[in-house]
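Visitor:
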Amino acid sequence: MLTNCKGDHVAMADFCYFCKKKIGFFDTSSRTAFAQTVCGNCVNKVNRVAILYNREFSEYTLYSLEDAGKILEKAPSFEMYISRYLKIRAEYEPQIQHYQELAEKEKKTLKEIEKGMDDDRREYEAELKECEKEWKAERASSDYKNELKEYEKARRRGDEVAARTLKRLMDAVDDNYRAEVEKKQNSYNRFQREPLELCEEWKSIVKCYEAIVNRLRNYQAVKEYVFRVTEVPSEKLVLGHEIERRSEEKSEGREYILLYLKKILKVDESRLQEAANNDVILAEFGKSWINSGVEKLLIKERLNEGSIERLQHAIESHKILLSTVSDPDILRRAEDAMDESEKTLDECMKTRGDLDKEFNRKDLELKAAFNRLTEPDTRKLASENNTNSANIVKATTTKQSNNSQTVTIAQPAAVKPSEKQEKGVTCGNCGKENKDGAKFCRYCGTPLVAKSIRFCTECGHKIRPGGKFCPACGTKVED
Numbered sequence: 001m002l003t004n005c006k007g008d009h010v011a012m013a014d015f016c017y018f019c020k021k022k023i024g025f026f027d028t029s030s031r032t033a034f035a036q037t038v039c040g041n042c043v044n045k046v047n048r049v050a051i052l053y054n055r056e057f058s059e060y061t062l063y064s065l066e067d068a069g070k071i072l073e074k075a076p077s078f079e080m081y082i083s084r085y086l087k088i089r090a091e092y093e094p095q096i097q098h099y100q101e102l103a104e105k106e107k108k109t110l111k112e113i114e115k116g117m118d119d120d121r122r123e124y125e126a127e128l129k130e131c132e133k134e135w136k137a138e139r140a141s142s143d144y145k146n147e148l149k150e151y152e153k154a155r156r157r158g159d160e161v162a163a164r165t166l167k168r169l170m171d172a173v174d175d176n177y178r179a180e181v182e183k184k185q186n187s188y189n190r191f192q193r194e195p196l197e198l199c200e201e202w203k204s205i206v207k208c209y210e211a212i213v214n215r216l217r218n219y220q221a222v223k224e225y226v227f228r229v230t231e232v233p234s235e236k237l238v239l240g241h242e243i244e245r246r247s248e249e250k251s252e253g254r255e256y257i258l259l260y261l262k263k264i265l266k267v268d269e270s271r272l273q274e275a276a277n278n279d280v281i282l283a284e285f286g287k288s289w290i291n292s293g294v295e296k297l298l299i300k301e302r303l304n305e306g307s308i309e310r311l312q313h314a315i316e317s318h319k320i321l322l323s324t325v326s327d328p329d330i331l332r333r334a335e336d337a338m339d340e341s342e343k344t345l346d347e348c349m350k351t352r353g354d355l356d357k358e359f360n361r362k363d364l365e366l367k368a369a370f371n372r373l374t375e376p377d378t379r380k381l382a383s384e385n386n387t388n389s390a391n392i393v394k395a396t397t398t399k400q401s402n403n404s405q406t407v408t409i410a411q412p413a414a415v416k417p418s419e420k421q422e423k424g425v426t427c428g429n430c431g432k433e434n435k436d437g438a439k440f441c442r443y444c445g446t447p448l449v450a451k452s453i454r455f456c457t458e459c460g461h462k463i464r465p466g467g468k469f470c471p472a473c474g475t476k477v478e479d
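For the sequence shown, full-length UniProt numbering begins at 1 and goes up steadily by one.
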């Protein structure tokens, strides 16, 4: 047995446990589990499906290779979900890259400003050292030493007039040194005020772009979480059982939704905890959040706030320049630049007010949507869906093979003309018709309880219309 670069044992003649193909030494993606080797191609196929469940290959081989085998068997049926999941990433990655590049560009400008400030500081420190050197040299001169001797003699003989005169001459050396140091300090501080404001201005630009990158990553995570919960078939349904995670799952999208409910919508702790225990409620709220368009408003708000902060530093920088220069051309340009900055700042402040009004309106809509989701009837439906399937599974079929039940994910298909089409569900609040099986009215958001929905009396699993037996436990269901 040889070892590949991952540390797994791979022999030149090993064959993949699943596809039975020969594994070469240079197959660096291959893995070994339970004394069996899995080729890199099969590992990658499992990992491709695993992203839908926020997992990776090794988590499906904790106790046996059976789970990885089930994932491989159903991998082709997952392509529709994987494709849609990857589209979410494709939507956000270019935007994230764009703002990262802008941030890096402004960081370079900031470094140039800071480098100039460092050069000025080193020059200032060198001048201070030169002053100190001259002061020490003057105190070490023969004239200063002679004055010091004469001063001591005058003190001993009690000649106060001569002593005071000599003391003033010696003190003048120290006074001149202190005055020169103070002059250089004042000059340095005065001329450093402008680059300091300029530095703060560029820091605010970088901070703005980095904040947008973080927000975009959060919004991507929200969409991925909503898709995983509401669209992807549950892992339990696919594997036939639940598997533990090596560590507690951290879902950035889920955490962002909870943070939004707590910090922005001010949802009380009891209702927040109730929602935190039910992924379906959180995901349905996340869907409402996505559809509300708040995401674009938040990006616009961050850009506007960044502009306000930048302009405030720019105006302060112009004021400093106006107070330190006397050249008429420079003064005129600085005044024009300050007027333009003040005008733009006024526009940004107006935009801030408009955005606040829009946010208030959106917050009311989202708070109402959350309240509808946590009403008793809606909560009961969400709880049953969360307990029994952990996802809203859109299409599944079952088939018997070798006396064992296998779950296959079916692609959505058009209803055949010969198939009986069920009527939709009418909303009791607005009277409009929704498609059969809808949980909430698409027009007003009121919870819907369709007459065709039934649940198993033994395990609580949802029974499809016309079904005689529970697909989960096999119990016969009475009409």
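Even for Gly, the Cβ is constructed at its ideal location relative to N, Cα and C.
Are there 16 or more other CB atoms within 10 angstroms of the CB of Glu73, so buried, or fewer, so exposed?
Guide: The residue labelled residue 73 in the question sits at position 73 within the sequence shown. Label assigned to Glu73: exposed.
Visitor: Per DSSP, Glu342 is paired with what?
Guide: Along the sequence shown, read from residue 1 onward, the residue named residue 342 stands at position 342. Partner(s): none; Glu342 has no beta bridge.
Visitor: If distances are taken between C-alpha atoms only, which option among Val222, Ser234 and Ala369 comes closest to Ser288?
Guide: Residue mapping note: residue 288 aligns to position 288 of the sequence shown, counting from 1. That would be Ala369, whose Cα lies nearest to the Cα of Ser288.
Visitor: Taking 8 angstroms as the threshold, find out whether the stretch 313 to 321 comes into contact with the stretch 197 to 204 through three or more Cβ pairs.
Guide: At 8 angstroms Cβ cutoff, the stretches touch.
Visitor: Can you give the Cα-Cα distance for Asn47 and Ser29, rounded to whole angstroms?
Guide: The residue given as residue 47 occupies position 47 in the sequence shown. The residue given as residue 29 occupies position 29 in the sequence shown. Approximately 11 angstroms, taken between the alpha carbons.
Visitor: Suppose the cutoff is 7 angstroms on Cβ atoms and the five residues either side in sequence are ignored; what does the same chain contact list for Ile23 look like?
Guide: Along the sequence shown, one-based indexing puts residue 23 at 23. Correct list, in chain order: Val10, Asp14, Phe15, Cys16, Ser30, Thr37 and Cys39.
Visitor: Are Ile299 and Leu216 close, meaning C-beta to C-beta below 9 angstroms?
Guide: Mapped onto the sequence shown, residue 299 falls at position 299. Mapped onto the sequence shown, residue 216 falls at position 216. Cβ atoms of Ile299 and Leu216: closer than 9 angstroms.
Visitor: According to DSSP, is Ala163 helix, strand or coil?
Guide: Taking the sequence shown and counting its residues from 1, one reaches residue 163 at position 163. Note: Ala163 maps to helix in three-state DSSP.
Visitor: So the beta strand (DSSP E) Thr38 belongs to, where does it begin and stop?
Guide: Taking the sequence shown and counting its residues from 1, the one referred to as residue 38 is at position 38. The identity of residue 38 in the sequence shown is Val, whereas the question assumes Thr. It spans Gln36 to Val38 - the beta strand (DSSP E) in which Val38 sits, taken as one unbroken run.
Visitor: Quick check: the stretch 254 to 269 against the stretch 234 to 244, are there 3 or more CB pairs under 8 angstroms?
Guide: No contact exists between the stretch 254 to 269 and the stretch 234 to 244.
Visitor: Are the CB atoms of Ala50 and Tyr60 within a distance shorter than 9 angstroms?
Guide: Numbered from 1 along the sequence shown, position 60 holds the residue referred to as residue 60. Numbered from 1 along the sequence shown, position 50 holds the residue referred to as residue 50. Contact: yes.
Visitor: Would you mind stating whether Val206 and Glu106 have Cβ atoms separated by less than 9 angstroms?
Guide: Residue numbering aside, residue 206 sits at position 206 when the sequence shown is read from its first letter. Residue numbering aside, residue 106 sits at position 106 when the sequence shown is read from its first letter. Yes, the pair counts as a contact, with Cβ atoms nearer than the cut-off.
Visitor: Got a sec, what are the start and stop residues for the beta strand (DSSP E) Thr32 sits in?
Guide: One-based indexing of the sequence shown puts residue 32 at position 32. Unbroken beta strand (DSSP E) run through Thr32: Arg31 to Ala33.
Visitor: Give me, in chain order, the residues of the same chain whose beta-carbon lies closer than 8 angstroms to that of Ile82; leave out the 5 immediate sequence neighbours on both sides.
Guide: The sequence position of residue 82 within the sequence shown is 82, counting from 1. So the qualifying residues of the chain are Arg48, Val49, Ile51 and Leu52.
Visitor: Buried or exposed for Glu121, going by 16 or more other Cβ atoms inside 10 Å?
Guide: Indexing the sequence shown from 1 puts residue 121 at position 121. The amino acid occupying residue 121 in the given sequence is Arg; Glu does not appear at that position. Exposed, because fewer than 16 other Cβ atoms sit within 10 Å of the Cβ of Arg121.
Visitor: Hey, quick one: how far does the alpha helix (DSSP H) through Gly69 stretch, first residue to last?
Guide: The residue labelled residue 69 in the question sits at position 69 within the sequence shown. Taken as a continuous stretch (DSSP letters only), the alpha helix (DSSP H) holding Gly69 covers Glu66 to Lys74.
Visitor: Is there contact between the stretch 356 to 373 and the stretch 290 to 306, where contact requires at least three CB pairs shorter than 8 angstroms?
Guide: Taking 8 angstroms as the limit for Cβ pairs, the verdict is that the stretch 290 to 306 does touch the stretch 356 to 373.
Visitor: How far does the alpha helix (DSSP H) with His241 in it extend, from its first residue to its last?
Guide: For the purposes of this step, residue 241 is taken as residue 241 along the sequence shown, with counting starting at 1. No alpha helix (DSSP H) holds His241; DSSP gives it neither H nor E.
Visitor: If you follow the alpha helix (DSSP H) that Ile315 is in, where does it begin and where does it stop?
Guide: Numbered from its first residue, the sequence shown carries residue 315 at position 315. Run containing Ile315: Val294 to Thr324, per the alpha helix (DSSP H) assignment.
Visitor: Within the same chain, show all residues whose beta-carbon is closer than 7 angstroms to that of Phe18, passing over the 5 residues directly before and after it, in chain order.
Guide: Here residue 18 is taken as the residue at index 18 of the sequence shown, counted from 1. So the qualifying residues of the chain are Val38, Cys42, Gly69 and Leu72.
Visitor: Buried or exposed for Glu224, please, with buried defined as at least 16 other CB atoms from any protein chain shown within 10 angstroms of its CB.
Guide: Working through the sequence shown from its first residue, we reach residue 224 at position 224. Flag for Glu224 reads buried.
Visitor: Between Tyr99 and the rest of its own chain, which residues show a CB-CB distance below 6 angstroms, the 5 nearest in sequence each way excluded?
Guide: In the sequence shown, residue 99 corresponds to position 99, counting from 1. Contacts found: Tyr209, Ile212 and Val213.
Visitor: May I ask you to list the residues that DSSP assigns as paired with Lys263?
Guide: Residue 263 sits at position 263 when you count from the first residue of the sequence shown. Lys263 is not bridged to any residue.
Visitor: What does the Cβ neighbour count give for Ile281, buried or exposed, with the cut at 16 atoms within 10 Å?
Guide: If you number the sequence shown from 1, residue 281 lands on position 281. Answer is buried; the Cβ neighbour count reaches 16.
Visitor: Between which residues of its own chain and Leu345 is the CB-CB distance below 6 angstroms, once the five residues before and five after are set aside?
Guide: Taking the sequence shown and counting its residues from 1, the one referred to as residue 345 is at position 345. Correct list, in chain order: Leu311.
Visitor: Hey, Tyr151 and Leu166 are a contact pair by Cβ (cut 8 angstroms); roughly how many whole angstroms apart?
Guide: In the sequence shown, the residue the question calls residue 151 occupies position 151. In the sequence shown, the residue the question calls residue 166 occupies position 166. With a Cβ gap of about 4 angstroms, Tyr151 and Leu166 count as contacting.
Visitor: Over what stretch of residues does the alpha helix (DSSP H) that includes Ser83 continue unbroken?
Guide: For the purposes of this step, residue 83 is identified with residue 83 of the sequence shown, where counting begins at 1. Its alpha helix (DSSP H) spans residues Glu79 to Arg139.
Visitor: Looking at the strands, I want to know which residues DSSP matches up with Phe15.
Guide: Locating residue 15 in the sequence shown gives position 15, counting from the first residue. Paired residue(s): Lys22.
Visitor: How far does the alpha helix (DSSP H) with Tyr144 in it extend, from its first residue to its last?
Guide: Translated into the one-based positions of the sequence shown, residue 144 becomes position 144. Taken as a continuous stretch (DSSP letters only), the alpha helix (DSSP H) holding Tyr144 covers Ser142 to Arg157.
Visitor: Here's a check: name, in chain order, each residue in its chain whose Cβ is nearer than 7 angstroms to the Cβ of Lys367, leaving out the five neighbours to either side.
Guide: By one-based count along the sequence shown, residue 367 stands at place 367. Excluding residues within five positions, the ones whose Cβ falls inside 7 angstroms are Leu265.
Visitor: Among Asp327, Lys136 and Gln220, which one has its Cα closest to the Cα of Asn176?
Guide: Within the sequence shown, numbered from 1, the residue matching residue 176 stands at position 176. Of the candidates Asp327, Lys136 and Gln220, the one whose C-alpha sits nearest the C-alpha of Asn176 is Lys136.
Visitor: Cβ atoms of Glu335 and Leu355: under 9 angstroms apart, would you say?
Guide: Translated into positions along the sequence shown, residue 355 becomes position 355. Translated into positions along the sequence shown, residue 335 becomes position 335. For Leu355 and Glu335, no; Cβs fall outside 9 angstroms.
Visitor: Hey, quick one: how far does the alpha helix (DSSP H) through Ser58 stretch, first residue to last?
Guide: By 1-based counting over the sequence shown, the position of residue 58 is 58. Careful: Ser58 lies outside any alpha helix (DSSP H) and carries neither H nor E.
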